[in-house]
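Trainee: All the letters of the sequence shown, read from the start, carry residue numbers 482 to 654 under the numbering used here. Where a beta carbon is used, it is the ideal one built from N, C-alpha and C, also for glycine. Just so you know, these numbers come straight off a predicted model, no measurement behind them. Mind having a look at this structure? Questions to follow.
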Amino acid sequence: MAAHTIAQRLHNGDALLLDGGTGSELQRRGADVLKGAEDRLKAWSATANLEYADVVRQVHSDYLRVGADIITSNNFWTTPTRLDSIGERHAWRTYATAAIRNAVEARNAMRQEAYVAGGIAAPSLQGAMSPTSPVSDARALGLETYRREWADHAKLLADEGADLILAEYVGFI
């Protein structure tokens, strides 16, 4: 666990380096994150947290090795609505927990003073992101469902050791 909080580090004028993409790096290293989904990373990158846990941890470790101060858990596709696209909605907690634990384990083994960001992507009805996708999923899901999904995910990540929550791919507030 880091000796100083992120707020303290920023207040002191420190610059913090965030890691890069995880899903595409898993794919580059041979993890099957497509599972027949053509050329797009879909919710299968969430299953890599269990099926390729060693590769996920190695990606995190490598980002830390090259100087990242913050690694982001592989939670982009672990929300219930995103996992629904591959019939795994019921297992969202399993995949989300595995993702944050992989990141925390990598940090603890490699550089304990680094931080783990618990990544959360916006809930999605489409199950895939596109620059032309409508940003109305919150309204289509119902705002309470949307808020509950974010809150449940954030709580799980915090309970499992995330130092901060990183809202990813948020097109609107």
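E569 lies in the beta strand (DSSP E); which residues open and close that run?
Mentor: Where E569 is concerned, there is no enclosing beta strand (DSSP E), given that its DSSP letter is neither H nor E.
Trainee: Please check the pair L545 and G599, which I expect to be a contact at CB under 8 Å, by giving their CB distance rounded to whole angstroms.
Mentor: Rounded, the Cβ-Cβ distance is 16 Å, inconsistent with contact.
Trainee: Along the chain, which unbroken stretches of the beta strand (DSSP E) at least 3 residues long are found entirely within the segment 482-554?
Mentor: Here the runs fully enclosed are 551-553.
Trainee: With DSSP as the reference, identify every bridge partner of G599, one or two as the case may be.
Mentor: I646
Trainee: Considering only residues of the same chain and omitting the five flanking positions on each side of R592, which have a CB-CB separation below 7 Å?
Mentor: L545
Trainee: Does R592 come out as helix, strand or coil in the three-state DSSP assignment?
Mentor: Here R592 sits in coil by DSSP.
Trainee: Decide if S605 is buried, meaning its Cβ has at least 16 other Cβ atoms within 10 Å, or exposed.
Mentor: buried
Trainee: So, at 7 Å on beta carbons, what are the nonlocal neighbours of D550 in its own chain, with the 5 sequence-adjacent residues on each side left out?
Mentor: L497, L498, A595 and Y596
Trainee: Hey, would you say E506 sits closer than 8 Å to I581, going by beta carbons?
Mentor: The beta carbons of E506 and I581 sit no closer together than 8 Å.
Trainee: Select from A572, R588 and F557 the residue whose C-alpha is nearest the C-alpha of V651.
Mentor: F557
Trainee: Any beta-carbon of chain B closer than 8 Å to the one on E641?
Mentor: Among the chains of the structure shown, chain B does not appear; only one protein chain is present.
Trainee: Around the Cβ of P612, are there at least 16 other Cβ atoms within 10 angstroms (buried) or fewer (exposed)?
Mentor: With a pLDDT of 48 at P612, under the threshold of 50, the modelled position of this residue cannot be trusted, and the question is left open.
Trainee: Nearest CA to the CA of G530: which residue from A577, R490, D644 and L491?
Mentor: The sequence as given places Asn at residue 530; Gly does not occur at that position. For the residues A577, R490, D644 and L491, the minimum Cα distance to N530 belongs to A577.
Trainee: I need the straight-line Cα distance from A609 to T503, nearest angstrom please.
Mentor: Residue confidence is low: A609 scores 46 on pLDDT, short of 50, so the model does not pin down where it sits. No coordinate-derived value is stated.
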